[in-house]
Amino acid sequence: MSSQLIKFANEEFYAYPNSALYWKKLNIIIVADLHLGKSISFAKQKQFLPPYDTKETLTKLFNCINEYGPSKLIIVGDLLHDMFSVQSFQDRDHENFNKYTKKTEFIWVKGNHDSNVEINGVSKVLDYKVNEIIFNHIPIKTKNFQICGHYHPKVKISHRGKSIYKSSFVNNDKLLILPSFGTLTGGLNIDKEPLKDLLGKNINIFPVGSEKVYKL
Amino acid sequence: MNIDKTNPLLLHPLNPWIEKKKWSWFEHQIETFKAVKKGFDVVVFAPTGAGKTLTGFINPIEDLLTSKKFKGLHTIYISPLKSLANDIVRNLEKPIKDLDLKITFEVRSGDTTAYKKQKQKRRPPNIIITTPESLALLNSYEDAKIFFQNLKFIIIDEIHTFLDNKRADLLSLNIERLQTYSPHLQRIGLSATLKNKQDAKKWLCRKKSKIISFEHSTLPKIKILKSKERIPWSGHMATYAINEIYKEITNSKLSIIFVNTRAQAEYMFKNLWLINKKKKRIAVHHGSLEQNLRLKVETNLSKGLIDCVVATSSLELGLDYGDVEKIIQVGAPKGVNRLLQRVGRSNHNLNTPSKAVLVPTNRFEFIESKAAIEEIKKGNLDKIELKEGSLDVVAQHIFATACSGSFNINDLYLEIIKAYPYNNLLKKDYVQLVKLIQDGGYILKNYDQFRRIQQEKDNKNIYRLVNRRETRKYRMNVGTIIENPMLKIKLGTKTLGNIEEIFIQNLSQGDSFIFAGKVLEFLSMKNNLVQVKKSNSKISKIPSYSGGRMPLSTNLAKSVRKLISSKDNWKEYPSQIKEWLDRQNLISVLPKKDEFLIEQFPRKKNYYTVIYSFAGWHSNQTLGFLLLRGMKELKYKPLGFVANDYAIILWSLDEATEIIKLLNINLIERHLENYLEETSIVKRLFRDNAIISCLIERRLPGMEKTGKQVLFSSDLIYSVLKKNEPNHILLQSSYDDAKKNMIDYDRLIRILTINNKKIILKKLKTISPLAVPIILEINRENLSKKDTDQYILEDLEKEILKEANVQSIN
């Protein structure tokens, strides 16, 4: 998988088509909005979506860790979809959490979907800071640099009479928002409120394609 | 007609009314009465104007008035359209009121008020006139069994519109349900004339059944517009003949111009207004217009307050619009039945011929129009192919059954396979569908505690709903018609109609487009509303509407081939058409009716291959894709293809020397799956399947989802399922649908199993005359959705890089 350089907060990050962000210098992987167990949450409303989203998203996550062997994984919120999500874990999923948290430090920044459920070996925090950068689920008012999730940004691309939507990394000089990492998650258009207001006019957009991350 | 002394209808309660009107009973009415009386199910075939509606009611009315003090629901009448149901009531009202018969009858449809519906349930009328969807809903109520227990007759009107679609499947299942509730129920079908009458009987009737047919047709007078202009090589808008079409309108009191697409309707309407010097009252009518706008046009039409309507198939069926003098068909007829149906709109009198003028918009269409006229003269109609029932409809029906009460899984299966479309439904598929309703039917058992239906503890064959609240979800999802994601168009506070989301997405603020005959400027889009204002712009787009493209019928294609193959047929053709065919004969060849012509020629550095299959758009489109794949394998470096109803044209960097080798059944095995995948055909059908089977909801209560969001989430489900559970019943169902509806599988097979001796391969130095209209249709790339996405991104990036004068990003 080829990566896309994103310069932010005087640091170099690499965005991957699996929607993960790699901070090479410090060997840290950052992901957002996995929404594990979303399908089970729908099943409660008798909407029976295929129950494979947890498996798929976790496979993607653990593959990513296998490949880069990061010292740290920062999840900027909404690891789980709701308090029942852990029910969607198979035995193998629990085993994998045990295995991977031994090699890599898992930092779980609590998101609005994350309930009081705990996962073994994963430390849950309200926010997190590395050097000059704050990791939040929802951005707060601050003068610091922030890396966040929550919005699942996507961008509408119109070109030669055709329009497509692509989930995207997006940043301005102070804020970088990650696309959602979960397989069963929708998106919010960056042209629409509240993202439009939050990001202002001076932004960089990095749509996620199937083989690479682009730059607009 | 001679008065038959033995005519039993002379004693019928309606006879005084018939006599008063100075009418007499038709022979087919007498036959119907006798057969039904003897306990036969019947299908009655009769042309317009032969008292078809009355025929359906002869037995029910007699039975109602002779059975002592019959109370409650006696007869159900199914109409394909809500608007038709109202018309039926008006027709029934006349004799019943006139003779003061003690019979009650009411419409029940989506437009009936909740209050009225409640009242109907408490005190049902003797006759309910309704639609397949409303019948399904009635069957889902807990008291359905009691409501229908004394039902004597079910009448299916316009049965020919019900034979080959999912709506027919739904109706068929519900008829069997009624039969279970009321074992003495008899079935009466009414139809326009059909080629395969036996099939209609098989679909509707039980064993003891009869076909009753009234063959009396006054041949319509159909001609092709004699234009002073040259018929263009290609195109679909008939701009060349607009002045002559206008003349046709001014020559007749009231006319309908039928076109094939909504875009053509808007375009034609606009162009007629530009030359409307005589101030003719012209209106437009199509399926996307707001209902009240459509109704207004219909009312004005029947009152004679307009002179001409430009319409799509939206005006094909149904009401009798007074004195329509002439039908003008612009564009290809596509099928004999369809043309006949349209032409029949001009006249509802049995003994006067209908009048129609055909306006071909290009050269192939000229021949197609000629062929259609020939076949109508010969009375050679298209065959309507019966199809195996769709699985998603069964799932919906299982859910409905659960809503009406507990059910035995084996009994329900036995009832379902009585319905003709499901005679061959496998028990194992059926059980999967029950599981689908239960909890999605996945191999991974995660949802045990959230089930929708559940087995009883002491009898594992009995299933019941876990929570009655689920009935509401069923009722919101009922039906088999799934619209594309649509947005409402608002001019001020007035709603003009619906437009496809995809069209609006490609508009920018200030762009103007034509809709409902008006030039409109796009202001904004919020939620599901598109706000517009009137505009004077001269440059405006015309909304395109996807789907609904009808392929040329097999029957008509055969006739077209016959006309092309022999010079004798061209005598009275316009000279340009004759020259066109003559030149083709000189430069290449005109294939005989059972020959299969392939032409190859170089052009602008590429090599072109044209395959004249005459197989209709659907199968040609598929074949084009498959051949493109095959050519890639043979390393001809293919670049693209274009298909229409008549032929496929492929172009490649290298000459496709062994193209004939590819025309083989193996082509399907190797590439069909790929085709369905890459063109998103199955994905699109999966969305319909997921909604019809109630796996996902059309709309969540209290949550206004836009159509796009529904599409998006069904796409997600599709890809997750495809990866993890490729044998899931809904994927199977979607593939079945694709084969049945989207690719004309049987026609495809016929082409690929063609005897190689019948193939004529012509190597030419240059493009042939017959290929010109097809090559002119090359206007777009044929890339898969995935490729297109990639292409758009790559291309955009390149442009931006060029602008920024940077070579590469990576």
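Just so you know, the protein sequences line up as chains V and U, in that order.
Taking the numbering used here, the leading residue of the first sequence gets 1, the next gets one more, and so forth.
Taking the numbering used here, the leading residue of the second sequence gets 217, the next gets one more, and so forth.
Cβ coordinates follow ideal geometry from the N, Cα and C atoms, glycine included.
Figure out for me which residue from the options has the closest Cα to the Cα of residue i.
| i | options | result |
| --- | --- | --- |
| R668 of chain U | U:G657, U:D674 and U:N675 | U:G657 |
| K110 of chain V | V:E12, V:D33, V:S41 and V:L5 | V:D33 |
| K571 of chain U | U:V609, U:K783, U:M702 and U:E464 | U:E464 |
| L230 of chain U | U:D257, U:G272, U:V258 and U:F256 | U:G272 |
| V31 of chain V | V:Q4, V:P179, V:D197 and V:K215 | V:P179 |
| D359 of chain U | U:A831, U:A454, U:F321 and U:A618 | U:A618 |
| D825 of chain U | U:K808, U:K853 and U:N801 | For clarity, residue 825 of chain U is Thr in the given sequence; the question names Asp instead. The candidate whose alpha carbon is nearest that of T825 of chain U is U:K853. |
| L555 of chain U | U:R777, U:E811, U:N476 and U:I461 | U:N476 |
| N890 of chain U | U:L839, U:K706 and U:K783 | U:L839 |
| A773 of chain U | U:I246, U:Y483, U:R510 and U:A587 | U:A587 |
| Y636 of chain U | U:K254, U:L420 and U:V936 | U:L420 |
| L470 of chain U | U:E482, U:R819 and U:K519 | U:K519 |
| E601 of chain U | U:F857, U:A416 and U:D279 | U:A416 |
| I983 of chain U | U:S240, U:Q800, U:A479 and U:E584 | U:Q800 |
| S756 of chain U | U:E941, U:N744, U:G726 and U:S775 | U:G726 |
| L175 of chain V | V:M83, V:E67, V:T142 and V:Q90 | V:T142 |
| A330 of chain U | U:L354, U:K313 and U:L490 | U:L354 |
| V559 of chain U | U:N567, U:Q545, U:T568 and U:L566 | U:Q545 |
Give the interface partners of residue i over in chain V, defined as CB-CB distance under 9 Å, in chain order.
| i | result |
| --- | --- |
| G726 of chain U | Under the 9 Å cutoff, chain V gives no residues; its nearest Cβ is about 15 Å from G726 of chain U. |
| S929 of chain U | L49, L184 and G186 |
| E686 of chain U | K46 |
| V610 of chain U | Here the premise fails: no neighbours, minimum Cβ distance about 17 Å. |
| E941 of chain U | P50 and Y52 |
By Cβ distance, which residues of its chain are closer than 6 Å to residue i, with the 5 residues on each side in sequence left out?
| i | result |
| --- | --- |
| F902 of chain U | Y934 and S950 |
| T54 of chain V | L36, G37 and S88 |
| H376 of chain U | S407, A408 and L410 |
| F13 of chain V | I6, L21 and W23 |
| K603 of chain U | D380 and K956 |
| I803 of chain U | S984 |
Ends of the beta strand (DSSP E) at residue i?
| i | result |
| --- | --- |
| V735 of chain U | K734 to K742 |
| C64 of chain V | No beta strand (DSSP E) holds C64 of chain V; the alpha helix (DSSP H) holding it covers D53 to Y68. |
| D314 of chain U | No beta strand (DSSP E) holds D314 of chain U; the alpha helix (DSSP H) holding it covers K298 to D314. |
| C524 of chain U | C524 to A527 |
| H159 of chain V | P153 to H159 |
| N516 of chain U | Not the beta strand (DSSP E): N516 of chain U falls in the alpha helix (DSSP H), residues Q507 to K519. |
Anything in chain V within Cβ reach of residue i, meaning under 8 Å, just list it in chain order.
| i | result |
| --- | --- |
| E795 of chain U | What E795 of chain U touches in chain V: nothing, since even the nearest Cβ is about 37 Å away. |
Going along chain U in order, which residues have a C-beta closer than 7 Å to the C-beta of residue i?
| i | result |
| --- | --- |
| F48 of chain V | D655, G656, Y663 and L911 |
| K44 of chain V | F666 |
| I40 of chain V | N662 |
Which two residues bound the contiguous alpha helix (DSSP H) that contains residue i?
| i | result |
| --- | --- |
| W108 of chain V | Unbroken run through W108 of chain V is the beta strand (DSSP E), E105 to V109; no alpha helix (DSSP H). |
| E482 of chain U | R478 to L490 |
| G192 of chain U | A question about residue 192 of chain U goes unanswered here, because the residues of chain U that appear run from 217 up to 1026. |
| Y658 of chain U | Note, Y658 of chain U: premise wrong, no alpha helix (DSSP H); not H, not E. |
| A9 of chain V | Taken as a continuous stretch (DSSP letters only), A9 of chain V belongs to no alpha helix (DSSP H), as it is neither H nor E. |
| V988 of chain U | V988 to I991 |
| R668 of chain U | First-last for R668 of chain U: undefined, no H or E at that position. |
| F830 of chain U | Looking at the DSSP string, F830 of chain U is not in any alpha helix (DSSP H), and its letter there is neither H nor E. |
Since residue i meets chain U, which of its residues come closer than 9 Å, beta carbon to beta carbon?
| i | result |
| --- | --- |
| I6 of chain V | None at all; the shortest Cβ gap to chain U is about 11 Å. |
| Y14 of chain V | What Y14 of chain V touches in chain U: nothing, since even the nearest Cβ is about 11 Å away. |
Residues in the same chain with beta-carbon distance under 7 Å from residue i, minus the five sequence neighbours each way, listed in chain order, please.
| i | result |
| --- | --- |
| P767 of chain U | G832, W833, H834, D861 and D960 |
| I625 of chain U | V650, N677 and Y679 |
| T248 of chain U | V258, V260, T271, I274 and I428 |
What residues of chain V sit near residue i, judged by a beta carbon separation below 7 Å?
| i | result |
| --- | --- |
| I933 of chain U | L49 and P50 |
| L937 of chain U | P50 |
Please go through the same chain and pick out, in chain order, the residues whose beta-carbon is closer than 8 Å to the beta-carbon of residue i, but skip the five residues on each side of it.
| i | result |
| --- | --- |
| Q245 of chain U | L225, G267, L270, T271 and I274 |
- Query: For the stretch 70 to 104 of chain V, which residues have a beta carbon sitting closer than 9 Å to at least one beta carbon of chain U?
  - Reply: Q87, S88 and Q90
- Using a beta-carbon distance cut-off of less than 9 Å, what residues from the stretch 442 to 467 of chain U approach chain V? Close to chain V, meaning a Cβ-Cβ distance shorter than 9 Å, is no residue of the stretch 442 to 467 of chain U at all.
- Task: Identify each residue in the stretch 51 to 71 of chain V for which the Cβ-Cβ distance to at least one residue of chain U is less than 8 Å, and report them in chain order.
- Result: P51, Y52, D53, K55 and E56
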